[in-house]
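According to full-length UniProt numbering, the sequence shown is numbered sequentially starting from 1.
Below: one structure, written as structure tokens.
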Amino acid sequence: MNHKSKSGFADRKMLLRAIKDSFLKLSPKVQAQNPVMLLVYISAILTTLLWVTALFGLKDVSAGYTLAIAIILWATCLFANFAEAIAEGRGKAQADSLRAAKRDVEAHKIPAASCREDVTAVSSASLKKGDLVLVKAGEQIPADGEVIEGAASVDESAITGESAPVIRESGGDRSAVTGGTTVISDWIVVQVTSEAGESFLDKMIAMVEGASRKKTPNEIALQIFLIALSIIFILVTMSLYTYSAFSAKLAGIENPTSVTTLVALLVCLAPTTIGALLSAIGIAGMSRLNRANVLAMSGRAIEAAGDVDTLMLDKTGTITLGNRQACEFIPVNSVTPEELADAAQLSSLADETPEGRSVVVLAKEQFNIRGRSLSDKEMVFIPFTAKTRMSGVDYDGSEIRKGAAEAMQEYVTHAGGVYSSECDEIVRRISNQGGTPLVVAKDHRILGVIHLKDIIKDGVREKFSDLRKMGIKTIMITGDNPLTAAAIAAEAGVDDFLAEATPEGKLEMIRSLQKKGHMVAMTGDGTNDAPALAQADVAVAMNSGTQAAKEAGNMVDLDSSPTKLIDIVRIGKQLLMTRGSLTTFSIANDVAKYFAIIPALFMGLYPGLSALNIMHLASPQSAVLSAIIYNALIIIALIPLALKGVKYREVSAGKLLSRNLLVYGLGGLAAPFLFIKLIDMLLAFLRLV
1 MNHKSKSGFA
11 DRKMLLRAIK
21 DSFLKLSPKV
31 QAQNPVMLLV
41 YISAILTTLL
51 WVTALFGLKD
61 VSAGYTLAIA
71 IILWATCLFA
81 NFAEAIAEGR
91 GKAQADSLRA
101 AKRDVEAHKI
111 PAASCREDVT
121 AVSSASLKKG
131 DLVLVKAGEQ
141 IPADGEVIEG
151 AASVDESAIT
161 GESAPVIRES
171 GGDRSAVTGG
181 TTVISDWIVV
191 QVTSEAGESF
201 LDKMIAMVEG
211 ASRKKTPNEI
221 ALQIFLIALS
231 IIFILVTMSL
241 YTYSAFSAKL
251 AGIENPTSVT
261 TLVALLVCLA
271 PTTIGALLSA
281 IGIAGMSRLN
291 RANVLAMSGR
301 AIEAAGDVDT
311 LMLDKTGTIT
321 LGNRQACEFI
331 PVNSVTPEEL
341 ADAAQLSSLA
351 DETPEGRSVV
361 VLAKEQFNIR
371 GRSLSDKEMV
381 FIPFTAKTRM
391 SGVDYDGSEI
401 RKGAAEAMQE
411 YVTHAGGVYS
421 SECDEIVRRI
431 SNQGGTPLVV
441 AKDHRILGVI
451 HLKDIIKDGV
461 REKFSDLRKM
471 GIKTIMITGD
481 NPLTAAAIAA
491 EAGVDDFLAE
501 ATPEGKLEMI
511 RSLQKKGHMV
521 AMTGDGTNDA
531 PALAQADVAV
541 AMNSGTQAAK
551 EAGNMVDLDS
561 SPTKLIDIVR
571 IGKQLLMTRG
581 SLTTFSIAND
591 VAKYFAIIPA
601 LFMGLYPGLS
611 ALNIMHLASP
621 QSAVLSAIIY
631 NALIIIALIP
641 LALKGVKYRE
651 VSAGKLLSRN
661 LLVYGLGGLA
671 APFLFIKLID
681 MLLAFLRLV
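Structure follows, in structure tokens:
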């Protein structure tokens, strides 16, 4: 309940700030950044001046009509500003919370990692790139950096919003730490990797506020198209005025078309709907990405995500659960399955690896063999080592061992036991299926084999099928041998795979795909991923990864979840779909307004046009007022769609285009006829025209 009330207060605060910003954005400097809305802005100023001159008797048309047009045009400008401001409001709210995490703290600077006792207290603002700081439990990490010594549990909720602590340690791909996060346990020595004011948090604040948002190539191209349309409509409107003046003079009557009316007509015919919402669509797309805990270094990266047609995905953690699990006990040499499961569970009791835990669980599930207490018998556990490649337990004078097939074969035969051909055949079969065989022996007698396999995540195959429908090719990257990789790729349903992947192999594959015209996306977290990330069109670096990976990528996943790449592509495509849908609606809207207004406006000069006045609007002035009111209100009506985005559909580009034309094209044609007529009836009922 309390959470809801706070959320409601935040929404009201955001709304009030957006309303205030709508008026502040009326500055000519801000309006000049959007050429289409600049046209509306100039038109509002012009009609305001015409109203002022009308007060002094220099009437182009009645002062009341001119004032109404001017007010509606100013409202149109404010509505466009509000659409952008409300989209920015979400980012500003997030930026406020990030600023709360960014504060000047005391840092414990040390001359070298080995001199942890020689501590100098300094301000975090004074730290420079390359400085070493010691951070202990309960202290805030003063700056971005890499852990070069120690390991600690770190609370990153101030950045990611995730309350569960994460481990950061030296010497691996989870060595990066972010200033503003807090060490909860142990200690670490951090080498600062950024200068003051250039931290990851500073970049986040700038991006979510929109201060660093630059127009993307597609946005610029669309804006050029909209400017061209606006210029065409300016020429059309000027031609209409001169032509109506000429026709009125020939007919010996007063020109029925005033400057005020033609200015209003220009605004109605210009693509103001998409012009007003274009910026909000882009900002909202970035905001959706931010809510997914992904920081895009540029709007171009989000747009590129929407154009991606090839995904390179790590097997571990993305396609599979990340740890191989026991799925089957296969006895040999007339051993019963229960006997094999019992020995396998005993050998795994002290094995804290996920694989060892899965053996214990499988024995319990299949044969109801309950976990023993380690104090029940005098057990001596034999830990796994890279040299022996096996582990096990000694108890009651018996030896139980489990391990790699080659190691177990040597262990058994060295003691005079027999490594049967049956066991060898099972090991080969499991390996060919992409699994990992673990051989179990008791007192140098082979009992059977444990089948460990990569567990494909639920729903992954369906996700890849959906991506395939959209024309996106999926490539699995793995360090496994080609045989294992092929088996997992077939089970997961990916289109291709790169086995025994190396940094050079990843880079070469990306370059090869790009030469063929593909847009490639990939994820990575290690220094060895940096070359490939730098080459990829969409490169998502894990926040937990190395500094080199984060600098090479154009996006950073704060949750460090490899599966996030699929969500990023979905958000990018939704952004492009929203922009395309609303552009289709806007252009269809303008065409409909043209046929709705022009006959009513000029049938006094050309009575034959009355046949085209299918809406039977009350008067020319009513037609213009109704159209320009609709033109303003449709912007407000479409703001929720621009912010939320159109419903994401996993279909091909051709089907998407057909649906856009059907839903938003026909909708854009029909809506003006319906609502302009309703507004006209309301104005006539109120006797305002």
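Positions of the beta carbon are idealized from the N, C-alpha and C atoms, including for glycine.
*Grouping DSSP H, G and I as helix and E and B as strand, with all else coil, what is S27?*
The answer is coil: DSSP assigns S27 none of H, G, I, E or B.
*N- and C-terminal bounds of the beta strand (DSSP E) containing M312*: Segment 310 to 314, the beta strand (DSSP E) holding M312.
_Same chain only: Cβ atoms within 6 Å of V646, ignoring 5 sequence neighbours per side_ = Result list for V646: M577, T578, S581, in chain order.
_Cβ-Cβ distance between E219 and E303 below 9 Å_ = A contact, by the Cβ cut-off of 9 Å.
*Hey, residue 708 and M555 are a contact pair by Cβ (cut 8 Å); roughly how many whole angstroms apart?*
What is shown of the chain runs 1 to 689, which leaves residue 708 out entirely.
*Could you pull the start and end residues of the beta strand (DSSP E) that F381 belongs to?*
Residues 380 to 382.
*Where V681 sits in the DSSP three-state scheme*: Sequence check: residue 681 is Met here, not Val. Of the three classes helix, strand and coil, the one that applies to M681 here is helix, per DSSP.
*asked:* For the pair the stretch 188 to 207 and the stretch 143 to 153, tell me if three or more CB-CB distances fall below 8 Å.
replied: Result yes; three or more Cβ-Cβ pairs closer than 8 Å.
*Three-state secondary structure (DSSP) at Q33?*
Three-state DSSP puts Q33 in coil, outside helix and strand.
*Confirm, please, whether the CB-CB distance from S279 to A83 is below 9 Å.*
When the beta-carbon positions are compared, A83 and S279 come within less than 9 Å of each other.
*What does Q325 pair with, by DSSP beta-bridge criteria?*
Checking the DSSP bridge columns, you'll see Q325 partnered with K453.
*Determine which residues share a DSSP beta bridge with F497 and list them.*
M476, per the DSSP bridge assignment.
*Cutoff 7 Å; reference V660; Cβ partners in own chain excluding five residues on either side*: The question names Val, yet the displayed sequence has Asn at residue 660. These residues qualify, in order along the chain: G580, S581, T584.
*asked:* Here's a check: name, in chain order, each residue in its chain whose Cβ is nearer than 6 Å to the Cβ of F200, leaving out the five neighbours to either side.
replied: Once the five neighbours on either side are set aside, the close Cβ partners of F200 are D144, T178.
*Cβ neighbour criterion (16 or more within 10 Å) applied to I224*: Around the CB of I224, fewer than 16 other CB atoms lie within 10 Å, so the residue is classed as exposed.
*Within the chosen definition, does the stretch 240 to 254 reach the stretch 599 to 615 through at least 3 CB pairs nearer than 8 Å?*
Taking 8 Å as the limit for Cβ pairs, the verdict is that the stretch 599 to 615 does touch the stretch 240 to 254.
*Would you identify the three-state DSSP class for D466, choosing helix, strand or coil?*
Helix, per DSSP.
_Own chain, CB closer than 6 Å to S358, minus 5 neighbours either side, in chain order_ = For S358, where only same-chain residues beyond five positions count, the Cβ hits under 6 Å are Q325, A326.
*Could you tell me whether the Cβ atoms of R168 and S420 are closer together than 9 Å?*
Their beta carbons are not under 9 Å apart, which means R168 does not touch S420 by this criterion.
*Say the cut is 8 Å; is the CB of L582 nearer than that to a heavy atom of the ligand FMN?*
As far as ligands go, the structure on display features none, and thus does not contain the ligand FMN.
*By Cβ distance, which residues of its chain are closer than 6 Å to P256, with the 5 residues on each side in sequence left out?*
Here the set comprises G604.
*Which residues bound the beta strand (DSSP E) around residue 694?*
One cannot answer for residue 694 here, as it falls past the ends of the chain, which runs 1 to 689.
*Same chain, Cβ closer than 6 Å to F497, neighbours up to 5 away in sequence not counted*: For F497, where only same-chain residues beyond five positions count, the Cβ hits under 6 Å are M476, A485, A489.
*Mind checking whether L229 and I587 have CB atoms under 9 Å apart?*
The criterion of a C-beta distance shorter than 9 Å is satisfied by L229 and I587.
*Selected residue, minimal CA-CA separation from F673, among A264, A627, L447, K29*: Selected option, being the one with the closest Cα: A627.
*asked:* At 4 residues or longer, what runs of the alpha helix (DSSP H) sit wholly inside the stretch 513 to 578?
replied: Here the runs fully enclosed are 530 to 535, 547 to 552.
*Should the stretch 382 to 392 be regarded as contacting the stretch 340 to 354, the criterion being three or more beta carbon pairs within less than 8 Å?*
Under the 8 Å Cβ criterion, the stretch 382 to 392 counts as touching the stretch 340 to 354, having at least three qualifying pairs.
*Return the first residue and the last residue of the alpha helix (DSSP H) that Y243 is part of.*
DSSP places Y243 in the uninterrupted alpha helix (DSSP H) bounded by 217 to 251.
*Once you ignore the five residues that flank L340 on each side, which residues in its own chain have a CB closer than 7 Å to its CB?*
If you ignore the 5 residues before and after L340, its C-beta comes within less than 7 Å of the C-beta of F329, P331, V440, L447, G448, all in its own chain and listed in chain order.
_For G8, which residues in the same chain have their Cβ closer than 6 Å to its Cβ, ignoring the five residues on either side in sequence?_
The pLDDT assigned to G8 is 46, lower than 50, so where the model puts this residue is not dependable; a value taken from the coordinates is nonetheless given after this. So no residue of the chain qualifies.
*Express the C-alpha separation of A541 and A549 in angstroms, rounding to a whole number.*
Computed Cα separation, rounded: 6 Å.
*Per DSSP, which one or two residues make a beta bridge with R401?*
Paired residue(s): G392, A441.
*Is L49 buried or exposed, if buried means 16 or more other CB atoms sit within 10 Å of its CB?*
That one is exposed.
_Taking the beta carbon of Y243 as the centre, do at least 16 other beta carbons fall within 10 Å, making it buried, or is it exposed?_
Exposed, because fewer than 16 other Cβ atoms sit within 10 Å of the Cβ of Y243.
*Just grab the DSSP bridge partners of G145 for me.*
Bridge partners of G145: V177, V192.
*Specify whether the stretch 258 to 274 and the stretch 31 to 41 touch according to this definition: at least 3 beta carbon pairs, one from each stretch, less than 8 Å apart.*
In short, these stretches touch, since the Cβ pair count reaches three.
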